[in-house]
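Taken in order, these protein sequences are the chains called A and B.
Following this note's numbering from start to finish, the first sequence increments by one per residue and tops out at 1041.
Following this note's numbering from start to finish, the second sequence increments by one per residue and tops out at 1041.
All remarks here apply to the structure that follows.
Protein chains: 2
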Amino acid sequence: MAGKIQRYKHNLDVSYTLGATLTFEMLKERPDLINQVFISSETADEGGIHELLVSLKKHHIPVVLSDKAFHILSPKGNCYVIGEFKKEKPSLKEGNHIVLVNPSDAGNLGTILRTATGFGFSDIAIVSPAVDVYDPKVVRASMGALFHLRVEYFQTIEDYIRRFPDNARYAFMLRVPTPLPQVKRQTPYSLIFGNEATGLPENFADFCQSVIIRHTSRIDSLNLPMAAGIAMYEFTKADFNPAE
Amino acid sequence: MAGKIQRYKHNLDVSYTLGATLTFEMLKERPDLINQVFISSETADEGGIHELLVSLKKHHIPVVLSDKAFHILSPKGNCYVIGEFKKEKPSLKEGNHIVLVNPSDAGNLGTILRTATGFGFSDIAIVSPAVDVYDPKVVRASMGALFHLRVEYFQTIEDYIRRFPDNARYAFMLRVPTPLPQVKRQTPYSLIFGNEATGLPENFADFCQSVIIRHTSRIDSLNLPMAAGIAMYEFTKADFNPAE
C-alpha cells in the first residue's frame, strides 16, 4: 500500500509522525515500525532532509514524494515530512507505572508521556474512555517519547488492578489525602491521576493511598501534566540523586 | 470609548479576557480594571450569564451586546463573553520571585503564571525580548492567575539584579549545576529560567547558583512550564507542608 494515505482514524492500524524532527526520533528508536515516509516537494532540498533520506535508505524504508499526503494530514502546512508507522498493542511489564484514568486532552497526554520518559518510567496504563495515544497530536506533543514507552489501555481500573495487584497505589485526589512530601514510597508503585476536569472518583480512596500536592486556594488545581510531573519528580528523585 | 473594540496589539493600553469563566475570574479579583464587557447575541439567555450580568451591574461596568467584537477578537467562535480591561505596569515587590528570561510561548507563559499563583508566588520578572503577558492567549492560558500577580518586564538581567541585589539567585541550567533536591534554599530567592529552545546563557553560572533537575537521556529536556513547576514545588514544599 506504499504511497496511499488517509486521514488518521482511531480504527486505522497505522498512525503518523508529523514533522522531520519527530520522524527522525522515531527512526532512531523504532525503525521497525515505519512503513513509509512522505516528503513534500517544498523542502526536497533542505538541510536536515538529506541526512534523513540517507538514514531511511539504509533502513530500506520507502520514501514517497507526495504533496497530497500533506493536504490530507497537515492541511495547515508548516510540515514537510510525515512518517507512517504501524501501531502496536504492547502489554505493560511489572514495575512502576503511571496510570491515567480518562485523560481527554491530546496535548496533555503527550506532555505526560514526555515527562514520564524523562523520569525513567517505561509503562503507562490508560483507563478508557480516553484520548487515543496514537492520535498524531499526542504523538507530536510527546516529541517522540511514545516510541520509548509501553502504553496499554484498560476498560476499568479493576482490570488494571487484577493484572498488577501487588503495586502500591497512590491516587492524586482530595479525599483524606497525605501531602506528597510525606508519602512513604513503596515499590513497585502506580501513580494514578484522573481526568482533567473531574479528577478521580471518590471511591478510589478505598483501594489507593490518597495523595495531595498542596497549593494556595488562588487556583482551583494544578493542571494535569503539572501534577503528574511533580509527582513523578518526587517519587524518582532518590533514584536520580543518590545520597553522596 | 464604550462599545469600540479593536484586534489586540502590544501597544494598546487595554487587553481582553476571552470567555465567561475567565471574565468572571477577573471580575472577582480585579473589577477595578474592567472597562466594559461584550456579550454575544448567541448566548444572551444562557445560565451563568445571568449571574455575570448581575455582578457587572453591581460594579457599574458597562455591558455591550455586540457580535462584531467576537468577529474581531474570537473569529473561530466558541466564546460568548469578552471582557476589556486596562493593562497595568506593576512594580515587583521584595520577596521570592520567578524570573523568566526570553520566554517565547504564550501557552507556556500562561501555565507558568497559573502554577506560580498555585505555589504562592506573587511577583514575576520577565527579561525582554519575550512574549507579551497581556496577549489574550497568555491571559487565557493563565486561567485568570494573571490577576493575582505583579508582572514586570526588564530590559536585561542586570537591570533586574540591580533592583533586587540581595535575592539568592538559582538558575536552571546545565553548567556545573547542583541537583535540585540538594540545593540549600536561602530567602528571599529568585528562580531563573531561560528560553524554551535555548535555555539560559552560559554566563548566568557566574552570578547565580546553577541548578539541574536530573532526568534520563531519553528526552532532551523537560518542557519549560514543567521544569518551572517542579522547581516551585521543591522550593515551597516546606511552607505548604510544615513538619508535624
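Glycine included, C-beta positions come from ideal geometry on N, C-alpha and C.
When the distance is taken between beta carbons, is B/V878 closer than 8 Å to B/T820? As a first step, residue 820 of chain B must be located in the second sequence, where it is residue number 23. As a first step, residue 878 of chain B must be located in the second sequence, where it is residue number 81. Yes, Cβ-Cβ distance for B/T820 and B/V878 is below 8 Å.
Would you tell me roughly how many angstroms separate the C-alpha atoms of B/L1021 and B/F969, rounded to the nearest one? Working through the second sequence from its first residue, we reach residue 1021 of chain B at position 224. Working through the second sequence from its first residue, we reach residue 969 of chain B at position 172. If I take the Cα positions, the gap works out to 10 Å.
Closer than 8 Å to chain B by CB, A/T995: Against the first sequence, residue 995 of chain A aligns to sequence position 198. So no, A/T995 is outside the interface.
Taking contact to mean at least 3 C-beta pairs separated by less than 8 Å, is the stretch 963-983 of chain B in contact with the stretch 927-938 of chain B? The stretch 927-938 of chain B and the stretch 963-983 of chain B do not touch, with fewer than three beta-carbon pairs separated by less than 8 Å.
From the DSSP secondary-structure annotation, give me the bridge partner or partners of A/D920. Stepping through the first sequence from its first residue, residue 920 of chain A is reached at position 123. Under the DSSP definition of a beta bridge, A/D920 partners with A/R947.
Does the CB of B/A817 have a neighbour CB from chain A at under 8 Å? Within the second sequence, residue 817 of chain B is the residue found at index 20, counting from 1. No, its Cβ sits nowhere closer than 8 Å to a Cβ of chain A.
So A/I831 and A/G907 are supposed to be a Cβ contact under 8 Å. How far apart are they, rounded? As a working mapping, residue 831 of chain A is identified with position 34 in the first sequence. As a working mapping, residue 907 of chain A is identified with position 110 in the first sequence. Not confirmed; about 19 Å, so no contact.
Does A/A942 have its Cβ less than 8 Å from a Cβ in chain B? On the first sequence, position 145 is the one that residue 942 of chain A refers to. It does: the Cβ of A/A942 has a partner Cβ on chain B nearer than 8 Å.
Simplified DSSP state of B/L897, which is helix, strand or coil: Position 100 of the second sequence, counted from the first residue, corresponds to residue 897 of chain B. Note: B/L897 maps to strand in three-state DSSP.
Between which residues of its own chain and A/T914 is the CB-CB distance below 6 Å, once the five residues before and five after are set aside? As a first step, residue 914 of chain A must be located in the first sequence, where it is residue number 117. Same-chain partners within the cutoff: A942, H945.
Which residues of chain B have a Cβ atom closer than 7 Å to the Cβ of A/K1034, listed in chain order? Along the first sequence, read from residue 1 onward, the residue named residue 1034 of chain A stands at position 237. Within chain B, the residues near A/K1034 are P978.
Interface residues of chain B around A/F916 at Cβ under 8 Å? Working through the first sequence from its first residue, we reach residue 916 of chain A at position 119. Result: H1012, T1013.
According to DSSP, is A/T995 helix, strand or coil? Working through the first sequence from its first residue, we reach residue 995 of chain A at position 198. A/T995 falls in the coil class under three-state DSSP.
Looking only at DSSP bridge pairs, what is A/F1004 linked to? For the purposes of this step, residue 1004 of chain A is taken as residue 207 along the first sequence, with counting starting at 1. Answer by DSSP bridge pairing: none, since A/F1004 is not bridged.
Does DSSP put B/A968 in a helix, in a strand, or in coil? As a working note, residue 968 of chain B is residue 171 in the second sequence. In this structure, B/A968 counts as strand in the three-state DSSP scheme.
I need the DSSP call for A/F867, collapsed to helix, strand or coil. The residue given as residue 867 of chain A occupies position 70 in the first sequence. Looking at A/F867 - three-state DSSP - the assignment turns out to be helix.
Measuring straight from C-alpha to C-alpha, what distance separates B/S756 and B/G996? What is shown of chain B runs 798 to 1041, which leaves residue 756 of chain B out entirely.
Listed by chain order, chain B residues near A/Y967 by CB distance under 9 Å: Counting from 1 along the first sequence, the entry for residue 967 of chain A is found at position 170. One finds nothing in chain B with a Cβ atom closer than 9 Å to the Cβ of A/Y967; even the nearest lies about 16 Å away.
Give the residues of chain B in contact with A/R911, contact being defined as C-beta atoms less than 9 Å apart. On the first sequence, residue 911 of chain A is found 114 positions in, with the first residue counted as 1. Per Cβ cutoff of 9 Å: I1016, L1019, N1020, M1023.
Classify A/R982: buried if its beta carbon has 16 or more other beta carbons within 10 angstroms, exposed otherwise. By 1-based counting over the first sequence, the position of residue 982 of chain A is 185. In the assembly as shown, A/R982 is an exposed residue. Its beta-carbon has fewer than 16 other beta-carbons within 10 Å.
Among the candidates B/S812, B/Y813, B/E822, whose CA atom is the shortest distance from the CA of A/R1015? Against the first sequence, residue 1015 of chain A aligns to sequence position 218. Per the Cα distances, B/E822.
The stretch 1021-1039 of chain A touching the stretch 843-858 of chain B, judged by at least three CB pairs closer than 8 Å: Result no; under three Cβ-Cβ pairs closer than 8 Å.
Which residue's Cα is closest to the Cα of B/F1001: B/R1011, B/F990, B/I1010? For the purposes of this step, residue 1001 of chain B is taken as the residue at position 204 of the second sequence. Comparing Cα-Cα distances from B/F1001 to each of B/R1011, B/F990, B/I1010, the minimum goes to B/F990.
Please give the ranges of any alpha helix (DSSP H) in the stretch 826-863 of chain A, keeping only runs that are unbroken, at least 4 residues long and fully inside the region. Runs of the alpha helix (DSSP H) lying entirely within the stretch 826-863 of chain A, each at least 4 residues long, are 844-855 in chain order.
Out of B/N893, B/L971, B/L870, which has the shortest C-alpha to C-alpha gap to B/G816? Taking the second sequence and counting its residues from 1, the one referred to as residue 816 of chain B is at position 19. Of the listed residues, the one whose Cα sits closest to B/G816 is B/L870.
Flag this pair as yes or no: are the beta carbons of A/P985 and A/E839 separated by less than 8 Å? Looking up residue 985 of chain A in the first sequence gives position 188. Looking up residue 839 of chain A in the first sequence gives position 42. Not a contact, by the Cβ cut-off of 8 Å.
In chain B, which residues lie less than 7 Å from A/G1026 when you measure between Cβ atoms? Here residue 1026 of chain A refers to the residue found at position 229 of the first sequence. M1023, G1026, I1027, listed in chain order.
8 Å Cβ cut-off: residues of chain B touching A/T908: Your numbering for residue 908 of chain A matches position 111 in the first sequence. Within 8 Å Cβ-Cβ: N1020, M1023.
Continuous alpha helix (DSSP H) stretch holding A/K934: start and end: Taking the first sequence and counting its residues from 1, one reaches residue 934 of chain A at position 137. Per DSSP, the unbroken alpha helix (DSSP H) holding A/K934 starts and ends at 933-938.
Short-range partners of chain B found in the stretch 954-965 of chain A, where Cβ spacing is below 9 Å: none
Could you work out which residue in A/P859, A/V860, A/K883, A/K865 is closest to A/H807 when comparing CA atoms only? Counting from 1 along the first sequence, the entry for residue 807 of chain A is found at position 10. The shortest C-alpha separation from A/H807 is found at A/K883.
So, is the C-beta of A/G945 closer than 8 Å to a C-beta in chain B? Taking the first sequence and counting its residues from 1, one reaches residue 945 of chain A at position 148. According to the sequence displayed, residue 945 of chain A carries His and not Gly. Yes, contact with chain B.
Please report the residue range of the alpha helix (DSSP H) in which A/F1092 lies. Beyond the ends of chain A as shown, which are 798 and 1041, falls residue 1092 of chain A; an answer cannot be given.
Supposed close pair B/V948, B/I909 - CB separation, criterion 8 Å: Along the second sequence, one-based indexing puts residue 948 of chain B at 151. Along the second sequence, one-based indexing puts residue 909 of chain B at 112. Actually they are not in contact, since the Cβ atoms of B/V948 and B/I909 sit about 11 Å apart, beyond 8 Å.
Consult DSSP for B/L988 and reduce its assignment to one of helix, strand or coil. Locating residue 988 of chain B in the second sequence gives position 191, counting from the first residue. Three-state DSSP puts B/L988 in a strand.
How about B/F1037: is its C-beta nearer than 8 Å to some C-beta of chain A? The residue you call residue 1037 of chain B lines up with position 240 of the second sequence. At least one chain A Cβ lies under 8 Å of B/F1037.
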